[in-house]
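As structure tokens, the structure follows; a few thoughts come after it.
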Amino acid sequence: MNRYIAKRLLLIVPTLVGIVTLNFFIVQLAPGGPVDQTIARLTSQDMSTGTRIGASSSTTATQSTPQSQYIGGQGLDPELIEAIRKQYGFDRPLHERYFKMLWDYFRLDLGKSYYQNRPVIDLILERLPVSISLGLWSLLIVYLTSIPLGVAKAVRDGTRFDSWTSGLIFVGYSIPSFLFAIILLVLFSGGAYFDWFPLKGLTSRNFDSLSSGEQIVDYLWHVMLPVTAIAIGGFASLTMLTKNSFLDEVSKHYVMTARAKGLTERRVLYGHVFRNAMLIVIAGFPVALVSILFTSTLLIEVIFSLQGLGLLGFEARLTRDYPIVFGTVFSFTFISLVLTLIGDITYTLVDPRIDFESKET
125 MNRYIAKRLL
135 LIVPTLVGIV
145 TLNFFIVQLA
155 PGGPVDQTIA
165 RLTSQDMSTG
175 TRIGASSSTT
185 ATQSTPQSQY
195 IGGQGLDPEL
205 IEAIRKQYGF
215 DRPLHERYFK
225 MLWDYFRLDL
235 GKSYYQNRPV
245 IDLILERLPV
255 SISLGLWSLL
265 IVYLTSIPLG
275 VAKAVRDGTR
285 FDSWTSGLIF
295 VGYSIPSFLF
305 AIILLVLFSG
315 GAYFDWFPLK
325 GLTSRNFDSL
335 SSGEQIVDYL
345 WHVMLPVTAI
355 AIGGFASLTM
365 LTKNSFLDEV
375 SKHYVMTARA
385 KGLTERRVLY
395 GHVFRNAMLI
405 VIAGFPVALV
415 SILFTSTLLI
425 EVIFSLQGLG
435 LLGFEARLTR
445 DYPIVFGTVF
455 SFTFISLVLT
465 LIGDITYTLV
475 DPRIDFESKE
485 T
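This note's numbering puts the first residue of the sequence shown at 125, with every later residue one more than the last.
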């Protein structure tokens with residue numbers, strides 16, 4: 125297992141380099157970058173603003189820079205365009221910018237935001253707890269609900285309870301989390317019906333003035349709807365996994381042996397079957413967290429205006445704030461790789477029969 129872990133740790137570096145490289149060239153070559161957006165803002169304002177920006181730069185204009193390569197750049201002073209390009213680092217060749225970014229990332233320097241004038245690493249560390257908090261709360265609710273429900277469905281397999289719950293589960297699964305979030309907002313956040321929960325944010329404006337108990341209540345009040353929206357899509361897969369794992373264990377020989385010894389059905393199910401059936405369910409917790417963070421949390425943060433990594437990356441893509449775009453992609457990729465490795469290790473801890481090294485050979 126140590127050999128497998130060492131291989132996976134070594135693969136993290138080339139995987140991160142590959143993901144960052146792919147995103148770099150896709151984003152850099154896309155139209156409407158920060159230079160285009162700045163020029164567009166300047167041409168819609170008083171040109172004296174642009175004059176001040178151009179005058180404040182000590183850069184000497186290069187006649188080789190075509191104004192026509194930028195949207196709306198026709199008619200602007202070449203010195204101004206060159207100053208804007210230097211401000212965002214686009215005065216350097218593409219390959220030079222790429223290798224500089226790789227070297228900075230190797231030193232964990234994710235750069236500085238174009239528009240917020242703050243280091244990207246500080247913005248990510250500030251927003252990361254929100255995304256992790258939403259993911260952990262929703263995953264906790266999913267596990268606490270799906271495992272008992274899956275066991276109940278397995279015990280009552282083929283009954284009306286099993287059929288009705290399966291129908292309800294798959295109806296909930298068929299509704300995308302973002303659509304369910306909008307439904308919750310309309311119903312319970314001051315839409316056409318009830319005004320029971322806040323419309324956005326994770327805390328109230330007077331959060332700092334509240335007592336510790338009131339802060340906990342305020343936080344739970346704000347997090348209720350987004351966590352519910354995230355969790356609704358995770359019930360189906362985990363419930364059915366629990367049920368099928370339980371039924372698979374029930375059909376094994378050791379269960380028949382336990383029954384032949386005269387053990388009660390409850391002792392057989394919850395003393396022997398449950399422990400073995402839950403191995404794969406519990407071991408999949410890290411991978412399930414990755415799935416929720418990448419598929420549900422991002423959109424929910426945007427809909428509920430929660431200051432997490434999803435909203436940070438979404439806003440950065442709209443404004444072409446490339447350092448934040450690359451930084452959030454780098455962070456999500458790194459978190460995904462680490463959690464996936466933790467998931468593999470958890471599998472071997474709960475079931476020593478699993479050997480990833482033998483599968484590689």
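Glycine is no exception: its CB is placed at the ideal position from the N, C-alpha and C atoms.
Please read these numbers as outputs of a predicted model, since none were measured by experiment.
Would you please state the rounded distance, in angstroms, between the beta carbons of PHE304 and ILE356? I believe it to be under 8 Å.
The sequence position of residue 304 within the sequence shown is 180, counting from 1. The sequence position of residue 356 within the sequence shown is 232, counting from 1. Confirmed, about 5 Å.
Per DSSP, which one or two residues make a beta bridge with TYR236?
As a first step, residue 236 is located in the sequence shown; it is residue number 112 there, counting from the start. Checking the displayed sequence, the identity of residue 236 turns out to be Lys instead of Tyr. LYS236 pairs with PRO243.
Tell me the rounded alpha-carbon separation between ALA407 and PHE214.
Here residue 407 is taken as the residue at index 283 of the sequence shown, counted from 1. Here residue 214 is taken as the residue at index 90 of the sequence shown, counted from 1. Rounded to whole angstroms, ALA407 to PHE214 spans 46 Å at the Cα level.
Let me make sure I understand the geometry here. Which of GLY358, PHE331 and ALA360 has the alpha-carbon closest to that of HIS346?
Residue 346 sits at position 222 when you count from the first residue of the sequence shown. Answer by Cα proximity: PHE331.
Looking at VAL351 and LEU258, is the spacing between their C-beta atoms short of 8 Å?
Here residue 258 is taken as the residue at index 134 of the sequence shown, counted from 1. Here residue 351 is taken as the residue at index 227 of the sequence shown, counted from 1. The answer is yes: Cβ separation under 8 Å.
Figure out for me which residue from ALA412, ILE143, ASP342 and LEU311 has the closest Cα to the Cα of TYR229.
For the purposes of this step, residue 229 is identified with residue 105 of the sequence shown, where counting begins at 1. For TYR229, the nearest C-alpha among the options comes from ILE143.
By alpha-carbon positions, which one of ALA130, LYS367, ALA440 and LEU403 ends up nearest to THR269?
Taking the first residue of the sequence shown as 1, we reach residue 269 at position 145. THR269 has its Cα closest to that of LYS367, out of ALA130, LYS367, ALA440 and LEU403.
Closest by CA to ASP286, which one among THR363, PHE398, PRO158 and VAL392?
Counting from 1 along the sequence shown, the entry for residue 286 is found at position 162. Ranking the options by Cα distance to ASP286, first place goes to THR363.
If you draw a straight line from the alpha carbon of VAL295 to that of ALA360, how long is it in whole angstroms?
As a position in the sequence shown, residue 295 is number 171, starting the count at 1. As a position in the sequence shown, residue 360 is number 236, starting the count at 1. Answer to the nearest angstrom: the Cα atoms are 9 Å apart.
Looking at SER313 and PRO322, is the spacing between their C-beta atoms short of 8 Å?
Taking the sequence shown and counting its residues from 1, one reaches residue 322 at position 198. Taking the sequence shown and counting its residues from 1, one reaches residue 313 at position 189. Closer than 8 Å, so yes.
Evaluate the contact criterion for the stretch 443 to 450 versus the stretch 237 to 257: three or more CB pairs, one atom per stretch, below 8 Å.
Verdict: yes, contact present.
Which same chain residues, not among the five before or five after SER369, have their C-beta less than 7 Å away from its C-beta?
For this step, residue 369 is matched to residue 245 along the sequence shown. If we look at SER369 and ignore the five residues flanking it on each side, its Cβ neighbours are ALA401, ILE404 and VAL405.
Quick check on the DSSP output: the alpha helix (DSSP H) that includes LYS131 runs from which residue to which?
In the sequence shown, the residue the question calls residue 131 occupies position 7. Per DSSP, LYS131 belongs to the alpha helix (DSSP H) from 126 to 152.
Output the boundary residues of the alpha helix (DSSP H) element that contains ILE397.
Here residue 397 is taken as the residue at index 273 of the sequence shown, counted from 1. One detail in the question is off: residue 397 reads as Val in this sequence, not Ile. No alpha helix (DSSP H) holds VAL397; DSSP gives it neither H nor E.
Between which two residues does the alpha helix (DSSP H) containing GLY337 stretch?
Here the question's residue 337 lines up with position 213 in the sequence shown. Per DSSP, GLY337 belongs to the alpha helix (DSSP H) from 336 to 355.
Given a threshold of 16 other Cβ atoms within 10 Å of its Cβ, counted over all protein chains shown, does THR184 qualify as buried or as exposed?
Numbered from 1 along the sequence shown, position 60 holds the residue referred to as residue 184. Its pLDDT being 37, under 50, THR184 is placed unreliably in this model, and the value from its coordinates should be taken loosely. THR184 comes out exposed.
For LYS451 and ILE424, I'd like the C-alpha separation in whole angstroms.
Walking along the sequence shown from the start, residue 451 turns up at place 327. Walking along the sequence shown from the start, residue 424 turns up at place 300. The sequence given here has Gly at residue 451, not Lys. Approximately 20 Å, taken between the alpha carbons.
Take GLY274 and list the residues in its own chain whose beta-carbon comes closer than 6 Å to its own, dropping the five residues that flank it on each side.
Translated into the one-based positions of the sequence shown, residue 274 becomes position 150. So the list reads THR363, THR366 and LYS367, once near-sequence residues are dropped.
Enumerate in chain order the residues of its own chain whose CB-to-CB distance from LYS131 is below 7 Å, with the five nearest sequence positions on each side excluded.
Taking the first residue of the sequence shown as 1, we reach residue 131 at position 7. Hits under 7 Å: none found.
Taking all protein chains shown into account, do 16 or more other C-beta atoms lie within 10 angstroms of the C-beta of SER262, making it buried, or fewer, making it exposed?
Numbered from its first residue, the sequence shown carries residue 262 at position 138. Result: buried.
Measure the C-alpha to C-alpha separation of ALA412 and LYS210 and round it to an integer number of angstroms.
Along the sequence shown, one-based indexing puts residue 412 at 288. Along the sequence shown, one-based indexing puts residue 210 at 86. Rounded to whole angstroms, ALA412 to LYS210 spans 43 Å at the Cα level.
Comparing alpha-carbon positions, which option in ARG127, GLY157 and ILE136 lies nearest ALA440?
One-based indexing of the sequence shown puts residue 440 at position 316. Minimum Cα distance to ALA440 is reached at GLY157.
Would you check if the distance between the CB atom of ILE562 and the CB atom of ILE306 is smaller than 8 Å?
Past the edges of the chain, shown from 125 to 485, lies residue 562, and the structure says nothing about it.
Just confirm the distance between the C-beta atoms of SER460 and VAL414, as a whole number of angstroms; I'd bet it's less than 8 Å.
Counting from 1 along the sequence shown, the entry for residue 460 is found at position 336. Counting from 1 along the sequence shown, the entry for residue 414 is found at position 290. Right, their Cβ atoms sit about 5 Å apart.
Just the Cα atoms here: how many angstroms apart are THR457 and THR381?
Within the sequence shown, residue 457 is the residue found at index 333, counting from 1. Within the sequence shown, residue 381 is the residue found at index 257, counting from 1. The alpha-carbon atoms of THR457 and THR381 are separated by roughly 47 Å.
Going by C-alpha to C-alpha distance, which of ASN147, GLU220, LEU234 and ILE271 sits closest to PHE409?
As a working mapping, residue 409 is identified with position 285 in the sequence shown. Residue ILE271 is the option with its Cα nearest to PHE409.
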